[in-house]
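Colleague: Sharing a structure here in structure tokens format.
Following this line, the structure appears as structure tokens:
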């Protein structure tokens with residue numbers, strides 16, 4: 024049982040999809056929670072200490088983080104697809120901004136910095152599966168290279184300064200609150216297409232395998248990383264299970280009670296064939312395990328989409 | 024036999040210690056050579072097309088690189104020791120600046136970008152020796168993290184754009200022209216202390232082992248990386264031989280004909296016990312091998328220092 028009483032945690036990017044779930048988990052574990060985000064929290068989270076603004080405003084960040092002992096860093100200005108076109112801006116916006124925030128956190132007395140890395144991109148192509156943290160890393164997009172670079176600078180920071188850092192390499196999260204925007208989130212995209220009746224493109228033959236994890240398990244992983252006595256520099260957070268897109272579609276349709284109209288398109292070079300995480304380290308070092316089965320997670324997610332449809336919201 | 028006839032190579036940082044040797048090697052291999060550096064080339068290199076300025080001046084860089092087919096990138100604004108204190112500035116000055124230069128090079132039609140990485144820092148602690156390119160990388164200083172981050176962005180660039188990139192992980196270079204400035208270069212420091220009669224501090228007991236390589240072999244490695252038909256993204260350039268500091272001192276003293284007065288200081292956490300590179304890939308992929316023995320290299324270096332002393336220059 025994770026307890027975070029007496030902890031004051033700043034969640035940067037707390038109003039996003041993963042962020043809201045993390046905030047709710049931290050609150051239920053007893054933490055005092057503050058949020059910094061460019062957008063507002065939903066009404067049910069109004070008791071959270073909320074600051075609206077950007078992490079690029081370093082003075083605002085310094086004053087917001089002051090008095091917190093832990094930072095959960097979920098802010099991210101780049102996306103897997105678009106970061107490739109201007110690498111030097113990506114380095115500035117993503118790597119430099121994140122490490123500046125970590126340095127300010129340390130200067131303000133923060134004792135632990137928990138960073139959301141990407142289990143789906145840092146490893147790149149690898150025939151060795153499941154992927155363990157010490158395996159070679161060779162990301163094939165800028166988003167993954169930036170995440171990996173940040174991991175290395177954070178590992179270094181925890182050697183140089185009195186602040187522990189941990190990067191959680193999250194696999195493919197899905198769940199309530201995830202919108203099918205900007206090509207992120209296969210489950211969200213499938214449900215949204217099923218409800219709208221529009222045809223969903225699938226690149227390749229649907230045989231690629233991914234490690235899908237329900238967002239509430241991800242949130243529990245972040246809470247565990249805040250609570251653990253010691254943390255390793257890098258920890259995988261995933262289900263540890265491979266699931267092909269085709270098999271996933273076969274589970275989504277009954278969960279939602281609707282067919283997902285799909286059209287197969289030529290495969291993309293950016294899609295690795297298989298990406299499944301070894302989660303032994305998370306079990307041992309954080310005392311964390313995924314608890315939501317795929318069926319249960321999809322059922323919850325489907326209910327959220329159907330409620331949304333009933334309320335007349337199309338996206 | 025490397026031939027670079029019909030190649031136009033821009034050497035960024037060509038006026039530095041390694042840069043001058045690279046420029047001479049490229050000229051002797053028949054290349055047309057341009058240099059961009061903040062300092063001037065020595066008089067014997069006056070036939071080189073020389074531009075004085077900084078790589079942070081992107082307009083100047085773009086006009087200088089225009090018309091070149093190859094870039095050798097040796098510029099480096101950071102140093103192993105000092106980069107740790109302000110990581111976000113280090114990211115800007117080192118990683119972003121280098122990748123910006125690579126992106127401009129690609130936009131100007133450059134076909135190959137050869138980057139000087141660091142075999143002495145990217146691997147970090149490793150009991151597996153000699154170090155091969157595919158082994159895990161966990162640098163323990165900011166200089167090494169930046170070099171590794173740049174390597175990953177360059178590897179990505181060569182996937183995304185029609186420009187090949189190769190990062191040469193150079194071990195510990197020494198030789199004529201290396202000054203004992205800013206704590207860089209054990210051989211230079213030892214010779215400089217022997218000549219001045221000042222006591223040289225050695226951190227630890229002198230048992231740490233390094234891979235020392237004569238700078239003319241390093242220069243030949245860069246020329247080979249310019250000339251090769253295809254290049255792997257990362258290649259070690261070293262002697263492949265381990266040499267302890269104590270054993271190296273025993274070779275330096277007879278080469279110079281002077282004793283090196285030393286004083287042993289407590290060991291530093293930043294010094295890994297052993298760092299020796301596996302150079303099989305360089306032999307196979309670049310057709311390159313080190314050719315200068317340690318005795319020969321130290322003899323040449325000693326002669327340079329003694330000539331300098333005879334000319335009345337103290338540093």
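Protein chains in written order, with the numbering used here: chain E, 24 to 338; chain V, 24 to 338.
Glycine is no exception: its CB is placed at the ideal position from the N, C-alpha and C atoms.
Can you look up residue 59 (chain V) in the DSSP assignment and give me helix, strand or coil?
Modeller: Here residue 59 (chain V) is taken as the residue at index 36 of the second chain, counted from 1. Strand at residue 59 (chain V).
Colleague: Give, in chain order, every unbroken run of the alpha helix (DSSP H) that is at least 4 residues long and sits entirely within the region 236-291 of chain E.
Modeller: Whole alpha helix (DSSP H) segments, 4+ residues: 238-250, 268-279.
Colleague: In three-state terms, what does DSSP make of residue 317 (chain V)?
Modeller: The count along the second chain starts at 1 and reaches residue 317 (chain V) at position 294. In the structure shown, residue 317 (chain V) sits in a helix (DSSP, three-state: H, G or I).
Colleague: Pull out every residue of the region 111-139 of chain V whose Cβ sits closer than 7 Å to any Cβ of chain E, in chain order.
Modeller: Taking 7 Å as the Cβ-Cβ cut-off against chain E, the residues of the region 111-139 of chain V that qualify are 111, 114, 115, 118, 119, 122, 123, 126.
Colleague: In chain E, which residues lie less than 8 Å from residue 165 (chain V) when you measure between Cβ atoms?
Modeller: Counted from its first residue, the second chain places residue 165 (chain V) at position 142. By Cβ distance, chain E contributes 176, 179.
Colleague: Distance cutoff 8 Å, beta carbons only. Does residue 295 (chain V) sit that close to anything in chain B?
Modeller: Reference to chain B is not applicable here, since the protein chains of this structure are E and V.
Colleague: Buried or exposed for residue 307 (chain V), going by 16 or more other Cβ atoms inside 10 Å?
Modeller: By 1-based counting over the second chain, the position of residue 307 (chain V) is 284. Its Cβ having fewer than 16 others within 10 Å, residue 307 (chain V) is exposed.
Colleague: What residue does the beta strand (DSSP E) around residue 129 (chain V) start on, and which one ends it?
Modeller: Position 106 of the second chain, counted from the first residue, corresponds to residue 129 (chain V). Not the beta strand (DSSP E): residue 129 (chain V) falls in the alpha helix (DSSP H), residues 120-130.
Colleague: The beta strand (DSSP E) that contains residue 139 (chain V), what's its start and end?
Modeller: As a working note, residue 139 (chain V) is residue 116 in the second chain. Element bounds for residue 139 (chain V): 135-141.
Colleague: Considering only their Cβ atoms, is the gap separating residue 295 (chain V) from residue 156 (chain V) smaller than 8 Å?
Modeller: Locating residue 156 (chain V) in the second chain gives position 133, counting from the first residue. Locating residue 295 (chain V) in the second chain gives position 272, counting from the first residue. No; because the gap between Cβ atoms is not below 8 Å, this pair is not in contact.
Colleague: What's the call for residue 128 (chain V), buried or exposed, on a 16-neighbour Cβ count within 10 Å?
Modeller: Here residue 128 (chain V) refers to the residue found at position 105 when the second chain is read from its first residue. Classification of residue 128 (chain V): buried, given that the 10 Å Cβ count is 16 or more.
Colleague: Could you give the DSSP three-state label for residue 232 (chain E): helix, strand or coil?
Modeller: If you number the first chain from 1, residue 232 (chain E) lands on position 209. Here residue 232 (chain E) sits in strand by DSSP.
Colleague: Got a sec: is the Cβ-Cβ distance from residue 172 (chain V) to anything in chain E below 8 Å?
Modeller: By 1-based counting over the second chain, the position of residue 172 (chain V) is 149. Chain E contact via Cβ: present.
Colleague: Please classify residue 187 (chain E): does DSSP put it in a helix, a strand, or coil?
Modeller: The count along the first chain starts at 1 and reaches residue 187 (chain E) at position 164. If DSSP states are grouped into helix, strand and coil, residue 187 (chain E) belongs with the strands.
Colleague: Measuring alpha carbon to alpha carbon, tell me which of E:301, E:96, E:66, E:241 ends up nearest residue 32 (chain E).
Modeller: Position 9 of the first chain, counted from the first residue, corresponds to residue 32 (chain E). Among E:301, E:96, E:66, E:241, the Cα nearest to that of residue 32 (chain E) belongs to E:96.
Colleague: Restricting to runs no shorter than 3 residues, where is the beta strand (DSSP E) found entirely within the region 40-112 of chain E?
Modeller: Within the region 40-112 of chain E, the complete beta strand (DSSP E) runs of at least 3 residues are 55-60, 72-75, 93-96.
Colleague: Determine, using beta-carbon pairs with one atom in the region 105-118 of chain E and one in the region 136-143 of chain E, whether at least three such pairs fall under 8 Å.
Modeller: The region 105-118 of chain E is not in contact with the region 136-143 of chain E.
Colleague: In the DSSP assignment, find the alpha helix (DSSP H) that holds residue 214 (chain V) and state where it starts and stops.
Modeller: What you label residue 214 (chain V) is simply residue 191 of the second chain in a count that begins at 1. Residues 209-219.
Colleague: With distances taken Cα to Cα, identify the nearest neighbour of residue 161 (chain E) among V:179, V:28, V:119.
Modeller: Residue numbering aside, residue 161 (chain E) sits at position 138 when the first chain is read from its first letter. The shortest C-alpha separation from residue 161 (chain E) is found at V:179.
Colleague: Going along chain V in order, which residues have a C-beta closer than 7 Å to the C-beta of residue 107 (chain E)?
Modeller: For the purposes of this step, residue 107 (chain E) is taken as the residue at position 84 of the first chain. Neighbours of residue 107 (chain E) on chain V, chain order: 183.
Colleague: With distances taken Cα to Cα, identify the nearest neighbour of residue 222 (chain V) among V:281, V:54, V:72.
Modeller: Taking the second chain and counting its residues from 1, the one referred to as residue 222 (chain V) is at position 199. Among V:281, V:54, V:72, the Cα nearest to that of residue 222 (chain V) belongs to V:281.
Colleague: Quick one, which residues of the region 142-164 of chain V are near chain E if we go by CB-CB under 9 Å, in chain order?
Modeller: If the cut-off is 9 Å between Cβ atoms, the region 142-164 of chain V has 157, 158, 159, 160, 161, 162, 163, 164 near chain E.
Colleague: Thinking residue 83 (chain V) and residue 52 (chain V) are a contact (beta carbons under 8 Å), I'd like their distance in whole angstroms, please.
Modeller: Position 60 of the second chain, counted from the first residue, corresponds to residue 83 (chain V). Position 29 of the second chain, counted from the first residue, corresponds to residue 52 (chain V). Contact flag wrong, Cβ pair sits at about 27 Å.
Colleague: Out of E:189, E:236, E:69, E:203, which one is the CA nearest neighbour of residue 251 (chain E)?
Modeller: For the purposes of this step, residue 251 (chain E) is taken as the residue at position 228 of the first chain. Among E:189, E:236, E:69, E:203, the Cα nearest to that of residue 251 (chain E) is on E:189.
Colleague: By the three-class DSSP mapping on this structure, what secondary structure does residue 166 (chain E) have?
Modeller: Indexing the first chain from 1 puts residue 166 (chain E) at position 143. Reduced to three states, the DSSP call for residue 166 (chain E) is helix.
Colleague: Comparing C-alpha positions only, which one of V:65, V:60, V:78 sits nearest to residue 118 (chain V)?
Modeller: Counting from one through the second chain, the residue named residue 118 (chain V) turns up at place 95. Residue V:78 is the option with its Cα nearest to residue 118 (chain V).
Colleague: Taking DSSP as the reference, what is the three-state secondary structure of residue 225 (chain E)?
Modeller: Here residue 225 (chain E) refers to the residue found at position 202 when the first chain is read from its first residue. Note: residue 225 (chain E) maps to strand in three-state DSSP.
Colleague: To the nearest angstrom, report how far apart residue 328 (chain V) and residue 66 (chain V) are at their CA atoms.
Modeller: Taking the first residue of the second chain as 1, we reach residue 328 (chain V) at position 305. Taking the first residue of the second chain as 1, we reach residue 66 (chain V) at position 43. Between residue 328 (chain V) and residue 66 (chain V), the C-alpha separation is close to 19 Å.
Colleague: Identify the residues that DSSP records as bridge partners of residue 195 (chain E): which are they?
Modeller: Numbered from 1 along the first chain, position 172 holds the residue referred to as residue 195 (chain E). According to DSSP, residue 195 (chain E) bridges with E:235.
Colleague: What residues from the region 30-52 of chain V come within 9 Å of chain E, judged by C-beta to C-beta, listed N to C?
Modeller: From the region 30-52 of chain V, no residue has a Cβ closer than 9 Å to chain E.
Colleague: Less than 8 Å between the CB atoms is what I'm expecting for residue 131 (chain V) and residue 88 (chain V), so what's the real figure, rounded?
Modeller: Taking the second chain and counting its residues from 1, one reaches residue 131 (chain V) at position 108. Taking the second chain and counting its residues from 1, one reaches residue 88 (chain V) at position 65. That pair is a contact at about 5 Å.
Colleague: Can a CB atom of chain V be found closer than 8 Å to the CB of residue 168 (chain E)?
Modeller: The residue labelled residue 168 (chain E) in the question sits at position 145 within the first chain. Chain V, which has a Cβ nearer than 8 Å to the Cβ of residue 168 (chain E), makes this yes.
Colleague: Name the DSSP bridge partner or partners of residue 35 (chain V)?
Modeller: The residue you call residue 35 (chain V) lines up with position 12 of the second chain. Note: residue 35 (chain V) sits in a beta bridge opposite V:59, V:96.
Colleague: Name, in chain order, the residues that DSSP records as bridge partners for residue 154 (chain V).
Modeller: The residue you call residue 154 (chain V) lines up with position 131 of the second chain. Paired residue(s): V:300.
Colleague: Would you mind stating whether residue 94 (chain E) and residue 58 (chain E) have Cβ atoms separated by less than 8 Å?
Modeller: Within the first chain, residue 94 (chain E) is the residue found at index 71, counting from 1. Within the first chain, residue 58 (chain E) is the residue found at index 35, counting from 1. Not in contact: residue 94 (chain E) and residue 58 (chain E) (Cβ atoms no closer than 8 Å).
Colleague: Among V:169, V:81, V:54, which one has its Cα closest to the Cα of residue 70 (chain V)?
Modeller: On the second chain, residue 70 (chain V) is found 47 positions in, with the first residue counted as 1. Of the listed residues, the one whose Cα sits closest to residue 70 (chain V) is V:54.
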